[in-house]
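Heads up, the sequence shown is in my numbering, so the first residue is -18 and it goes up one at a time.
For every residue, glycine included, the Cβ atom is placed at its ideal position computed from N, Cα and C.
Contents: one structure, followed by commentary.
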Amino acid sequence: MKEKLLSALNWRYATKKYDPTFILEEEDKQTLESVLQLTPTSYGLQPLHFIWINNVELRAQIQSIAWNQQQITDASEVLILCAKNALEPAFLDQHADHMRDTRGLKEEQIQGFRKHLHSAIGQKAIADIKNWNGKQAYIALGQLLTACALLELDATPMEGFDPTALDDLLQLGEEGLHSVLICTIGKRDSTDTYQSLQKVRRSKKSLFSTR
Ligand SMILES: Cc1cc2nc3c(=O)[nH]c(=O)nc-3n(C[C@H](O)[C@H](O)[C@H](O)COP(=O)(O)O)c2cc1C
């Protein structure tokens, strides 16, 4: 398992050129949806939403606000990772209710958690909440990239787009959402020269210390 994990992480790279004929199997897509569903988040709130972009015209429009990156039109899948703009009291209550019912708890057993959620989140400024929710999308991205590597699927994480323009295009504000990341998924093209480049990583010596 250790070898499999490290070899998958060495094999993966941020793919620049996809094989446009490759189509992701539905079973793999469902596995990736489970991976995203299982992503850990602060308090388990999952203030996230994921949008698969299949529409060809929409992909072309997204490409034009994403540095014209070719992956957007060539990859089998384009996923927009979105986060909620706010954490409304009703959303917090829904989460506490969901936890109570899923775990078969009595209301008094969840009350402390419910109260804590409301008070801790109630103290945060709205801008901080939006930013905090966005961070949860990065955790999902990390999990997604590792899963893709283990499934021998290629992927490209992307911040290279205009988030305000994408929010407008997808009318995300109306759903109380904003775009955080794009991830394309598919199969690398055999002519993508990036696949043979050496990985550039800082040494473990500079990354780790012990105290
Ligand atoms: C949050 C994030 C945003 C990124 N945005 C882009 C992007 O817009 N376009 C792109 O081609 N690569 C993008 N990358 C890929 C990085 O450049 C790449 O992961 C890094 O150089 C390490 O190389 P490797 O992933 O091929 O090992 C992004 C990576 C991350 C984690």
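No residue range can be given for E156, since it is assigned to no beta strand (DSSP E) and is classified by DSSP as neither H nor E. Counting only residues of its own chain and dropping the five nearest sequence neighbours on each side, I53 has a CB closer than 7 Å to the CB of R40, I43, Q44, A47, V59 and T165.
Assigned with DSSP and collapsed to three states, I120 falls in helix. Under the DSSP definition of a beta bridge, D135 partners with G167. Taking a cut-off of 8 Å for Cβ pairs, the region 4 to 12 and the region 182 to 192 do not touch, as fewer than three such pairs fall below it. E156 and A64 have their alpha carbons spaced roughly 10 Å apart. When only Cα atoms are considered, L126 and T2 end up about 21 Å apart. Under the three-state reduction of DSSP, V181 is assigned to coil, being neither helix nor strand.
The residue from L178, D78, L151 and M139 with its alpha-carbon nearest to that of L162 is M139. Distances between the C-beta of G141 and the heavy atoms of ligand 1 include at least one below 7 Å. Per DSSP, the unbroken alpha helix (DSSP H) holding E38 starts and ends at V37 to S45.
Following the DSSP letters along the chain, one finds K65 inside the beta strand (DSSP E) bounded by residues E58 to K65. Of the candidates D78, A101, H99 and Q27, the residue whose Cα lies closest to the Cα of Q90 is D78. Short of 6 Å from the beta carbon of K111, and not among the five residues preceding or following it, lie these beta carbons of its own chain, in chain order: N66. DSSP places W113 within a helical segment (H, G or I) once states are collapsed to three.
Judged by pairs of C-beta atoms under 8 Å, the region -12 to -4 touches the region 114 to 133, as three or more such pairs exist.
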